[in-house]
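Down below is the structure, laid out as C-alpha cells.
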Amino acid sequence: MTDVKEYDLCEPAPFIFHENGQLAVTDGSAVWMVIVTCEAMKATATPPVKNLYRLVRYAEFYRDLAAAAIERGEVTDNKVWVQEADVLAAKSSGLYPSQTDATVSGR
C-alpha cells in the first residue's frame, strides 16, 4: 500500500508576478512555489484572461496539477510549473469540468 500525500495551499497568498501567477503548496513537511503561466491561466476557463481573480478562483485546481507534478518528480529548486499543456490535458481527460468565470461567479 502506498501513502497518498495530501497537499494544501499555504502562505504566501496567491499573487501575480510579471506574466505569471504564483501560489504555494505544502505537504506539511515542505513548501513548493507553484508558478502558473499566463497561458495556463488563460486556458483554464473562458474568457481567456490572466488575472488575480482567475488565479484565486482556480487555486485548488492548480494545486492538484502541482501535486501531480511533485509526485512525478517535476520539481526544480522547490518550484513547480503549471503550463497550458497541463491545464488542457486535465480538461480533456475529464478531470476538470469546463466552466466559465461568468457562470461560476454568478455574473
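So the sequence shown is numbered by our numbering: it starts at 2 and just counts up by one. Just so it is clear, CB atoms sit at the ideal spot from N, CA and C, and this is done for glycine as well. Bear in mind the structure is a predicted one, so any value in this text is a computation, not a measurement.
DSSP places A86 inside the alpha helix (DSSP H), whose first and last residues are E85 to S93.
Taking 8 Å as the cut-off, the Cβ atoms of L56 and I17 count as close. Our two residues, N21 and Y63, have alpha carbons roughly 13 Å apart in a direct line.
Put simply, the region 35 to 46 touches the region 68 to 82. At least three CB pairs are less than 8 Å apart. Sequence-distant partners of L89 (beyond 5 residues in either direction) whose C-beta falls short of 7 Å from its own C-beta, in its chain, are A44.
P13 and L53 do not touch by the CB rule: their CB atoms are close to 13 Å apart, not below 8 Å. With respect to D28, K6 sits close: the two C-beta atoms are nearer than 8 Å.
DSSP places E12 within a strand segment (E or B) once states are collapsed to three. Straight through space, the alpha carbons of L10 and E61 are spaced by roughly 8 Å.
Taking C-alpha positions only, V32 is separated from A46 by approximately 27 Å.
If you check the CB distance, A69 and V26 do not come in under 8 Å.
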